[in-house]
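Engineer: The sequence shown begins at 50 in the numbering used here and counts up by one.
All C-beta atoms in this analysis are idealised placements derived from N, C-alpha and C, irrespective of residue type, glycine included.
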Amino acid sequence: MIRHGSLRLRLFILILTPLVLLAILLGYWRYTVAQQTAQELFDDSLLSAGLAISRDVAISEGDALSPTTRSLIRDASGGEIFYHVTGPGGIYVTGYAYPPASANPSKQDAYQPQFFEAVYRDEPVRVLKMTERITLDNLVGDATVTAWQRIADRNAFANELSIRAAILMGILLTTLAIVVWFGVARGLRPLLDLQDAIDQRSPDDLGEIKRPVPFEVRGIVQTLNRLFGQVEQSINAHQVFISEAAHQLRNPAAAVQSMAEALRDAQTDSDRDKRIVELVAAAKNSATVAEQLLSLERLRLPTHQDQMETIDFRSVVEEACAEMGVHILAKGIEFEVTMPDSPIMVAGDRVFLTEAIKNLLDNSMKHGGTELTKILVVLQRDRDTARLSVADDGVGLSPDQSDAAFSRFSQLEPSEGSGLGLSIVSAVAQRHGGQVSINRAVQGASLTLELPVVH
50 MIRHGSLRLR LFILILTPLV LLAILLGYWR YTVAQQTAQE LFDDSLLSAG LAISRDVAIS
110 EGDALSPTTR SLIRDASGGE IFYHVTGPGG IYVTGYAYPP ASANPSKQDA YQPQFFEAVY
170 RDEPVRVLKM TERITLDNLV GDATVTAWQR IADRNAFANE LSIRAAILMG ILLTTLAIVV
230 WFGVARGLRP LLDLQDAIDQ RSPDDLGEIK RPVPFEVRGI VQTLNRLFGQ VEQSINAHQV
290 FISEAAHQLR NPAAAVQSMA EALRDAQTDS DRDKRIVELV AAAKNSATVA EQLLSLERLR
350 LPTHQDQMET IDFRSVVEEA CAEMGVHILA KGIEFEVTMP DSPIMVAGDR VFLTEAIKNL
410 LDNSMKHGGT ELTKILVVLQ RDRDTARLSV ADDGVGLSPD QSDAAFSRFS QLEPSEGSGL
470 GLSIVSAVAQ RHGGQVSINR AVQGASLTLE LPVVH
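Below is the structure:
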């Protein structure tokens, strides 16, 4: 969803997500450290309270605690402190009657403060037990001070500190999110300005975008300018093609109309028969021009992979020569086809390849002139290339005339052709990764269509 959604939202999430994850990790680490630090501070506070109680007991000889000590016990961080004091011989001195005892008494030095956890009145507590030698009522002996705090009070205090830290971190993250959100919007402003500039263009305005943009967006602008240029070239080429096609179709259409009017006005049967033949020829010529124009238009479309198939080029040549051979032989022209015995596999569109070969043969028939007596077709393989040569003994054609010969609607000499045949052959060759060329010949014309061979 993010891949196809708002770019602003995507950048916002990409920037904020690692920061949030880092904040969570730091928060967890900070919480753990805070808990440990708080426990150490609470233990120090408990130790301070124990020392103060021991001092007051020694000074007052067990009578009372000083106001400062009572305030310390009452307001100590981590909750209220409870205490129990015994004098020499284990005599009860002051405090609560029954202190919590350790389940596993420590074997360390008795005069070292001992911290342990126990249960007091069904509540877990943290206990400090310390022993000191004091003088009480002229008696010298050991006095033991036991002080404890509820663990629940300690945890509540530590959690409160953690919550405060979390709230502070949440405020910082919220502030950062707001800054990032509006910062990304400001950073994307050049893209929005570019969108507005393109949106204000008219459909006919395909000129380059010259608006200054950030470095990161220059690639997009360059791609758009290149696309605009290609679209403009395609539109111009299409318009030129339509203009030229309309011009070329005008003459056959006018010829058909003229023949039809002549047929209508024919006075005799022989004259009418003659006009019918001329009308049929004009109609065929018009249909041929229209078919060739459609072929050129289809060749302008991009090639799809499903249109290309691996075929034996010999079968394509055989099919095209069989169809055109009838017309060639009907005109009394010698027609010879030479092909190898082994297959020549090529990748291509059978329809386009057949049409290209038929146009090569048709070009020889229409432009060979009165001198034309023979057309020779030779198919051979030269390493990785299939070569199809169509030669005749008619009017000569030299390589210097290639530009004019392969241009659309171009004719070297007036003839009944439309000037589209060889341009279709050239387009088919390019579509299949090959080429068509005019060979130097002693007599007549010789053209070669080359296509890459599939192994």
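If you follow the beta strand (DSSP E) that Ser495 is part of, which residue opens it and which one closes it?
Structural biologist: Ser495 to Pro501
Engineer: In whole angstroms, what separates the C-alpha of Lys333 from that of Leu255?
Structural biologist: Taking the straight line joining both Cα atoms gives about 41 Å.
Engineer: To the nearest whole angstrom, what separates the beta carbons of Ser413 and Ala303, a pair I think is in contact under 8 Å?
Structural biologist: 28 Å between Cβ atoms; not a contact.
Engineer: Determine contact between the region 238-250 and the region 65-84, defined as no fewer than three beta-carbon pairs at a distance below 8 Å.
Structural biologist: no
Engineer: Can you name, in chain order, every residue of its own chain whose Cβ lies under 6 Å from the Cβ of Pro148, other than the five neighbours on each side?
Structural biologist: His133 and Thr195
Engineer: Mind checking whether Ala440 and Thr403 have CB atoms under 8 Å apart?
Structural biologist: no
Engineer: Could you give the distance in angstroms between the alpha-carbon of Ser486 and the alpha-carbon of Ile269?
Structural biologist: Approximately 40 Å between the Cα atoms of the pair.
Engineer: Count the other C-beta atoms from every protein chain shown that fall within 10 angstroms of the C-beta of Val189, then say buried if there are 16 or more, exposed otherwise.
Structural biologist: With fewer than 16 Cβ atoms within 10 Å of its Cβ, Val189 is classed as exposed.
Engineer: Just mark Asn408 as buried or exposed, buried being the case when its beta carbon has 16 or more other beta carbons within 10 Å.
Structural biologist: buried
Engineer: Could you tell me whether the region 389-398 touches the region 422-436, using the rule of 3 or more Cβ pairs below 8 Å?
Structural biologist: yes
Engineer: Could you check what DSSP says for Gly190 in three-state terms: helix, strand or coil?
Structural biologist: strand
Engineer: Below 8 Å on the Cβ atoms is my contact criterion, and I expect Val174 with Gln198 to pass it. Report the Cβ-Cβ distance as a whole number of Å.
Structural biologist: In this structure Val174 is in contact with Gln198, their Cβ atoms being roughly 6 Å apart against a cut-off of 8 Å.
Engineer: Taking 7 Å as the limit between beta carbons, can you name the residues of its chain near Arg324, skipping five residues before and five after?
Structural biologist: Met308, Ala311, Leu312 and Ala315
Engineer: For a quick check, are the C-beta atoms of Ser438 and Phe455 less than 8 Å apart?
Structural biologist: no
Engineer: Under a three-way DSSP split, which group does Lys423 fall into?
Structural biologist: Annotated three-state conformation of Lys423 is strand, per DSSP.
Engineer: Rank Gly397, Gln161 and Leu276 by C-alpha distance to the C-alpha of Gln479 and give the top, closest one.
Structural biologist: Gly397
Engineer: Alpha carbon to alpha carbon, how far is Leu378 from Gly466? Give it in angstroms, no decimals.
Structural biologist: With a pLDDT of 49 at Gly466, under the threshold of 50, the modelled position of that residue is not reliable, and no figure is offered here.
Engineer: Using DSSP with H/G/I as helix, E/B as strand and the rest coil, what is His376?
Structural biologist: helix
Engineer: So Ala167 is in the beta strand (DSSP E); what residue range does that whole segment cover?
Structural biologist: Gln163 to Tyr169
Engineer: State yes or no: is the C-beta of Val538 within less than 8 Å of the C-beta of Ile360?
Structural biologist: In the structure as shown, the chain starts at 50 and stops at 504, and residue 538 therefore has no counterpart that could be examined.
Engineer: To the nearest angstrom, how far is it from the Cα of Ile247 to the Cα of Asn285?
Structural biologist: 21 Å
Engineer: With distances taken from CA atoms, which of Tyr80, Leu328 and Val477 is nearest Met357?
Structural biologist: Val477
Engineer: Going residue by residue through the region 173-242, where are the continuous beta strand (DSSP E) segments of at least 3 residues, counting only ones entirely within it?
Structural biologist: 188-199
Engineer: Taking the DSSP output, what are the residues bridged to Tyr80?
Structural biologist: Paired residue(s): none; Tyr80 is not in a bridge.
Engineer: Residues in its own chain within less than 6 Å of Ala435 by CB, not counting five upstream and five downstream?
Structural biologist: Phe362, Ile393, Val395, Leu500 and Val502
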